[in-house]
């Protein structure tokens, strides 16, 4: 019974996708929205029901093998699904956020004047189905299938406004950057298969337990690094964080879904799922933790300096996922998943409320122009403020505080370097509160309501943001049990001093935001400019471009050429000295004599060597280029454009191959 | 089926295939090229049936049915393409469509 239901969880989303894509008649906009919401709702209901059953009965993990997926000689990958505490938490979160976002989108998008909504809802359904595949998979091949679906859908959805160059560029950037990670992850999966001969997770964990626990090898570290790179790219973590802020070019509901539940969280989930593997590999845990901390702190500072509300939220996602990675690296996947749940609630609420606030201000996204949101649209403003409090981790009353406390506790308990990690995380937590408070206060600022722009939220929009805000505030008590269920052990608790600092950090951050709002902001334009650029986005791009330039320079022989110049310049000078000496000794000579010949030769050599940008190496280099161009032209000639020519070529080739085969036989 | 009969029939099928191939290469009218293409497909199907009969299995005939279906679909697509090409270049000469020249 439970097994059958498990296999059905992704089905409604897939059916919704198929119907929206393939239904032969045109659908009304209302119908499209309803279909999308029904698809997401069906999957969400199944996931939540099964999660309730799992936690109520306290039964262990269940596994179902839907179908053989890839069966070749050595590889037998099943489309296997697994439902344990981790999948229950993740799929429940994905389902709830998914259905709320789709409901919101069904009302929000038509009011934005958007068309082609059928495609949008089809893609959102497929996006959700892909994410369900990721969180439920019990086989690496099945997991990778969902992983790729999610990546592809995010590409389409970020670039949904395909007529805008910025959207198309952002989509391409997101696709390329995550593709790098996907390729590395695929390499990791292939390496795992090559080593252990299976892609099934339970078998793999057993094999890893046996092979890596005793003495971890270099191969284990390499495989762990590949998997980690895949997770980092998907989750937009340092050093792959460049793609996420630009992904804001997608519509608001897409951003909400992508940030809260379906795309960037997949990386954190992957590490939580593969925790037995990454924990056994040496050094991977520490790398995960420190990279996560770098993301949490750096992206938090970047968010502090943003002027655009959606960009601020994007950087805050990088920062919050950084907290999850920190917990994962510190060996506390339970804390990471607790933060995953609360982050999904408050981040979706923030994005959806920001969409309302922005629309009420006449599609304004700059923070300094959004003042007065409270009077224009109280609902959007209060939801945003509540979710910002949760993001900043306002003590006790918000869910964000409880999950962040778990992360801090996990960091402190992470071996000898734990205190350093913990201190960094506390700083990041203060920064988080500062930028969250800054955003909320910017919206609260005075400012007259714009006339005629009061465009209040509709019923579905209001319901979606209110539910999410309630979750962002009220999920706190669930954080501990979630962490225990996923992590399998009682969560470590902080001592009084550490807990006190954990409470003080967000308070300090909020106070800093208040002070800054009151005009006591320290002026640090340079730091602000650096932070707006995202600490290193430009630096990384610049370093790559500069390094490439230097490499080209080096290869094209700049130092070499200088040496040649020196050599070539020295020879004629020497020759000239001899020549003049000889001339002095022998008196005037006829101009055509061997002396003049020698001098002319030396001069010619000097000219050749000195001619700027036209020395031997340059010529060699240009010769290579010209040769390539010439070969290209020759190959182009074969491209006659005539069908019969191509056909004759392939017929002759086939005949030659047949002859060859016959001769070989 | 005896070995000699098998070789003869396969040779006939190869001949049919060669006729189709040369028709495809030497004809310039798109419609006649399509006819040649059908000839090649028929030759392939013929070879399947012969091979199936040789081994006493039904798979050869099954494959022939598949080839037949594919050929029907291909003919539909090809005729649509032909109409579009006529509209585009106002010609039925396949050598006239050479805009992909490199």
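Chains as they are written, first to last, in our numbering: chain A, 1 to 665; chain B, 666 to 767. Yeah, the Cβ is synthetic: ideal placement off N, Cα and C, and Gly gets one too.
Quick check on DSSP: helix, strand or coil for residue i?
i: residue 585(A); result: At residue 585(A) the pLDDT is 46, less than 50, meaning the model places this residue with poor confidence and gives no usable figure here.
i: residue 83(A); result: strand
i: residue 397(A); result: coil
i: residue 68(A); result: strand
i: residue 666(B); result: coil
i: residue 263(A); result: coil
i: residue 336(A); result: helix
i: residue 694(B); result: strand
i: residue 557(A); result: In this prediction, residue 557(A) has a pLDDT of 47, which is less than 50 and means its spatial position is unreliable; nothing more can be read from the coordinates.
i: residue 182(A); result: helix
i: residue 137(A); result: strand
i: residue 162(A); result: coil
i: residue 755(B); result: coil
i: residue 200(A); result: strand
i: residue 365(A); result: coil
i: residue 760(B); result: helix
i: residue 217(A); result: coil
i: residue 12(A); result: helix
i: residue 343(A); result: helix
i: residue 635(B); result: Since the displayed chain B opens at 666 and closes at 767, residue 635(B) lies outside it and no answer follows.
i: residue 640(A); result: coil
i: residue 281(A); result: coil
i: residue 662(A); result: helix
i: residue 416(A); result: coil
i: residue 318(A); result: helix
i: residue 240(A); result: coil
i: residue 634(A); result: helix
For chain A, check one thing: does any of its Cβ atoms lie closer than 9 Å to the Cβ of residue i?
i: residue 759(B); result: yes
i: residue 746(B); result: no
i: residue 699(B); result: no
i: residue 762(B); result: yes
i: residue 690(B); result: yes
i: residue 693(B); result: yes
i: residue 749(B); result: no
i: residue 681(B); result: no
i: residue 765(B); result: yes
i: residue 686(B); result: yes
Considering only residues of the same chain and omitting the five flanking positions on each side of residue i, which have a CB-CB separation below 7 Å?
i: residue 349(A); result: 383, 387, 465, 468, 469, 472
i: residue 634(A); result: none
i: residue 686(B); result: 705
Does any residue of chain B bring its CB to less than 9 Å from the CB of residue i?
i: residue 27(A); result: no
i: residue 648(A); result: yes
i: residue 225(A); result: no
i: residue 111(A); result: no
i: residue 653(A); result: no
i: residue 640(A); result: yes
i: residue 644(A); result: yes
i: residue 282(A); result: no
What residues of chain C sit near residue i, judged by a beta carbon separation below 7 Å?
i: residue 755(B); result: The chain labelled as chain C is not found among the protein chains of the depicted structure, namely A and B.
Which residues does DSSP pair with residue i in a beta bridge?
i: residue 78(A); result: 68(A)
i: residue 169(A); result: According to DSSP, which records beta bridges pairwise, residue 169(A) is partnered with nothing at all.
i: residue 62(A); result: 83(A)
i: residue 246(A); result: In DSSP, residue 246(A) forms no bridge with anything.
i: residue 308(A); result: 366(A)
Apart from the five residues just before and just after residue i, which ones in its own chain have a Cβ nearer than 6 Å to its Cβ?
i: residue 398(A); result: 389, 390, 473
i: residue 323(A); result: 296, 339, 407
For residue i, is the beta carbon positioned less than 8 Å from some heavy atom of the ligand FMN?
i: residue 57(A); result: Because no ligand of any kind appears in the structure shown, any question about the ligand FMN cannot be addressed here.
Note down, in chain order, each residue of its chain lying with its Cβ closer than 8 Å to the Cβ of residue i, except the 5 sequence neighbours on either side.
i: residue 255(A); result: 247, 248, 310, 313, 314, 351
i: residue 8(A); result: 46
i: residue 219(A); result: 191, 195
Taking contact to mean 3 or more Cβ pairs, one atom from each stretch, closer than 8 Å, check whether the region 197-206 of chain A and the region 232-245 of chain A are in contact. no
Decide yes or no for the touch test of the region 360-368 of chain A against the region 478-485 of chain A: beta carbon pairs closer than 8 Å, at least 3 of them. Taking 8 Å as the limit for Cβ pairs, the verdict is that the region 478-485 of chain A does not touch the region 360-368 of chain A.
Taking contact to mean at least 3 C-beta pairs separated by less than 8 Å, is the region 1-16 of chain A in contact with the region 33-40 of chain A? Yes, they touch.
Within 8 Å, do at least three Cβ pairs link the region 75-85 of chain A to the region 97-114 of chain A? no
Between the region 674-683 of chain B and the region 623-634 of chain A, can you find at least three pairs of beta-carbon atoms closer than 8 Å? no
When the Cβ atoms of the region 325-335 of chain A are set against those of the region 248-258 of chain A, are three or more pairs found closer than 8 Å? no
Report yes or no: do three or more beta-carbon pairs, one from the region 161-180 of chain A and one from the region 301-310 of chain A, lie closer than 8 Å? Under the three-pair Cβ rule at 8 Å, the region 161-180 of chain A does not count as touching the region 301-310 of chain A.
Three or more C-beta pairs under 8 Å: does that hold for the region 138-148 of chain A against the region 112-126 of chain A? no
Contact between the region 432-448 of chain A and the region 495-513 of chain A (3+ Cβ pairs under 8 Å): yes
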